[in-house]
Each structure stands twice: as structure tokens, then as C-alpha cells.
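The block underneath contains the structure these notes are about, expressed in C-alpha cells.
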Amino acid sequence: MSIRIIPQDQLEKSDKSTAEQIPPLLFPRLKNLYSRRAARLRELAAKNPLGDYLRFAAVIAQAQEIVLYDHPLQLDLRPRLAESAAQGKPPLDIHHYPRDAHWQRLLHSLIAELKPEMSGQALAVLENLEKASSSELETLASALLAGEFAQVSSDKAPFIWAALSVYWAQMAAMIPGKARAEYGEHRQFCPVCASVPVTSVVHMDIGQQGLRYLHCNLCESEWYVVRSKCSNCEQTRDLHYWSLDSEKAAVKAESCGDCGTYLKMLYQENDPAIEPVADDLASLVLDARMEQEGFARSSLNPFMFPGE
């Protein structure tokens, strides 16, 4: 099953009743998204060996909240949505969407918010980014969005991605259409921007309890994926679930023997306070265990990019 976004003027009455049973796509709710993430990161940092880094991520998330409201985006996405619907492609596809200077304004605003909070190497990185030319920043952004992580130093990547994410999330929240589930492939990619998930969340407050949604690591949208299939390759016969605690653990990893990957699953019923980015980052010990078992991560956390 794939998910396609349909412009409002193309929606039929029959689409609405089907979509309302299980919402195939949840656009980001930006109000308090970043402040809630920052609070969760600080909470998890208290008893975590990676506490310092979680607090560092919390500072960035809090700055994203400020920048989001300081720099509202004004944009008419209707022509873009109509074009993408006709082509059957995500409207904000990271490989094709022509981003404008707004994301760089967000980045420079982030830098201004973060500099008083940073010291040492982190402050030096911010000052370096502050001095970079517009073309240099575009090159770095293009490399990250293309998955060419070796082209961007791992200390710069979280700051650049933080600005790109606010930009894409602003656009995703403005999309004037609805989603429809259709037969097709590529459900491992976000139907809004074609990026990969950070993790999946098993919700307890959306229609039928226990629905799984993948959370986009860029635009913050979530899309429905059934729990009986691998979210990466759609196979069903060799799925296993791992945790470091117990059967009732709030964070587990779903591994697939067919494609050799894993994706974390966060269970709201076991901990209503879970937050996709924060709880994924705070459970890197589980990632280490999965790597020891020979599985590769199919997702990407915006605060933990692959090494150079």
C-alpha cells in the first residue's frame, strides 16, 4: 500500500469515508512539537549515559521552537500539490523540491539562538556555519538530503538538518489536501517529502488503538503502515521483536530477516510520554545490540548521522 496526497478539489465524497476509518497520513502539528521534544529529551537525559548529548539535542529542539514562530512561512502549495498528484510523487520530494532561501534564514536564526548556549567545539561549528556562503550551505544541504553523509561533517549535520526540518515541517503543515491509501510500493519513504522515518509509533489515540505510524525524520509527518509487514521491504515471514527490558517495554526494535534491517517501535500504551526523536536517541543501546545481531538500521535520527 502506498499513500498519495490528493488536492482538495479532486477529492470525491467516497474518498472521505474510507480515509476517515484509518487516517493514512497525519500532517505535523507544529504547536508545541519542538518544546515537547526538548522536555522529553531533558527528562530522558536524567538517567541516561548519553545525558549530555540528550541535553545538547534539547537545546537545539528548543531553539527550533523559537525559530518556528519567529519566521512563519508564507507559501501557496496548491500548484505544487496538483503537479505532484498528477505525477504520483510526494509534493515536497527532497530530491526534486526547489527549496528557497527561507531555510537559510531559519538556519541563521537558529545559530543566533544557539550561540549563547554553546561553548567549545559546538560554538566553533556554529561560527563556521555562520561565515559560510549561501552556495556552501546549499551544497551541504543537498548532500544531506541526498544521503551523502560523508560529504558533511557529523558536527555540522544536526544544525543544518534542524533548519531544513523546520522548513519542511512548515510546508507539510500547510498542505491543502488529504491523503488516500492506494496499492503500490515505497511505503518505507515519507509520502510527503520522500525522506526516511526516524522510528515508528504505535498510537493509542487514533481511531482503532494499536495503529502503527512511521514518523518522518524531516517533515515530521506520520504515515500508516500495518504492523504485520516489514516497514522496509514489506515481507512478513521473518519478523522478530527485541527489547532491553521486558515484554511491556515502551521501545522495541522490529527486525526483518529478509532484508536484514530493523526499525524501532515506540508503544504509547506502555509510556504515553514517548516522543519519536527523543526516545529513539535515548535508546542507542538497543541500536548497538541490533548491530551486534547483524541488522542495519533502516531509519535516521536527526541528531545522529552516520560517521564520516
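Residue numbering for the sequence shown follows full-length UniProt numbering, starting at 1 and increasing by one per position. Glycine is no exception: its CB is placed at the ideal position from the N, C-alpha and C atoms.
Expected contact under 8 angstroms - CB spacing of residue i and residue j to nearest Å
i	j	result
serine 35	glutamate 65	5 angstroms
tyrosine 224	proline 98	Not quite, the Cβ-Cβ distance comes to about 29 angstroms (not below 8 angstroms), so this is no contact.
alanine 273	arginine 40	7 angstroms
leucine 266	serine 231	Their Cβ separation, rounded to whole angstroms, is 13 angstroms, which puts leucine 266 and serine 231 out of contact at 8 angstroms.
proline 276	histidine 203	Proline 276 to histidine 203, Cβ: 11 angstroms. No contact.
leucine 92	leucine 68	Not confirmed; about 17 angstroms, so no contact.
leucine 137	leucine 114	Their Cβ separation, rounded to whole angstroms, is 16 angstroms, which puts leucine 137 and leucine 114 out of contact at 8 angstroms.
Neighbourhood of residue i by C-beta, 8 angstroms cutoff - its chain only, sequence neighbours within 5 removed
i	result
leucine 50	Leu281, Ala282 and Leu284
alanine 143	Phe149, Gln151 and Val152
proline 176	Pro7, Gln8, Leu77, Arg78 and Leu81
Spatial neighbours of residue i in its chain, beta-carbon cut-off 7 angstroms, leaving aside the 5 residues before and after
i	result
threonine 18	Bear in mind that the predicted position of threonine 18 carries a pLDDT of just 43, short of 50, making it too unreliable to give a figure here.
alanine 278	Arg37, Arg40, Leu41 and Leu44
cysteine 233	Cys256, Asp258 and Cys259
lysine 13	Only weak support is given to the placement of lysine 13: the predicted model assigns it a pLDDT of 47, under 50, and the value that follows is read from those uncertain coordinates. Hits under 7 angstroms: none found.
lysine 16	Note that lysine 16 scores 48 on pLDDT, short of 50, meaning its location in the model is unreliable; the coordinates nonetheless yield the value given after this. Result list for lysine 16: empty, nothing under 7 angstroms.
glutamate 254	Leu239, Tyr241, Tyr262, Leu263 and Met265
alanine 61	Tyr34, Arg37, Ala38 and Leu41
Residue i versus residue j - alpha carbon distance
i	j	result
alanine 163	alanine 157	10 angstroms
histidine 240	cysteine 193	29 angstroms
arginine 237	methionine 171	38 angstroms
residue 321	alanine 146	Look at the range of the chain in this structure, 1 to 308, and you will see that residue 321 is not part of it.
alanine 141	serine 135	10 angstroms
arginine 4	leucine 33	24 angstroms
isoleucine 111	methionine 174	25 angstroms
residue 310	aspartate 287	Past the boundaries of the shown model lies residue 310; the chain is included only from 1 to 308, so the question cannot be answered.
glutamine 235	serine 133	45 angstroms
glycine 88	leucine 25	16 angstroms
leucine 123	tryptophan 161	17 angstroms
threonine 139	proline 7	32 angstroms
histidine 71	alanine 249	39 angstroms
leucine 218	glycine 294	27 angstroms
arginine 78	alanine 86	12 angstroms
glutamine 21	proline 90	22 angstroms
alanine 63	valine 226	34 angstroms
leucine 244	leucine 54	19 angstroms
glutamine 74	arginine 289	44 angstroms
residue 316	asparagine 128	This structure leaves residue 316 out entirely; the chain is present only between 1 and 308.
Which listed residue (the options) has its alpha carbon closest to that of residue i
i	options	result
valine 196	Phe56, Leu73, Arg297 and Gly257	Arg297
tryptophan 103	Met290, Leu300 and Ala169	Ala169
serine 246	Cys216, Glu234, Asn270 and Asp258	Asn270
methionine 118	Asp52, Glu275 and Gly257	Asp52
serine 200	Val67, Leu300 and Arg180	Leu300
leucine 211	Leu244, Gln268, Arg180 and Phe56	Gln268
glutamate 291	Trp242, Ala249 and Phe303	Trp242
lysine 178	Ala82, Leu68, Ile60 and Lys31	Ala82
glycine 120	Asp76, Phe56 and Arg80	Phe56
serine 228	Asn217, Tyr213, Tyr167 and Leu218	Tyr213
Chain-order list of residues whose beta-carbon lies under 6 angstroms from that of residue i (same chain, five-residue window excluded)
i	result
alanine 58	Ala38, Leu41 and Arg42
glutamate 130	Ile111
phenylalanine 305	Phe149, Ser154 and Ala157
glutamate 220	Pro28 and Ala169
| Could you give the uninterrupted runs of the beta strand (DSSP E) lying entirely in the segment 114-198, keeping only those of 3 residues or more? | Here the runs fully enclosed are 177-182.
| What runs of the alpha helix (DSSP H), each 4 residues or longer, lie entirely inside the UniProt domain "FdhE C-terminal" (229-304)? | Taken in chain order, the unbroken stretches of alpha helix (DSSP H) that lie wholly in the UniProt domain "FdhE C-terminal" (229-304) and span 4 residues or more are 276-281 and 284-292.
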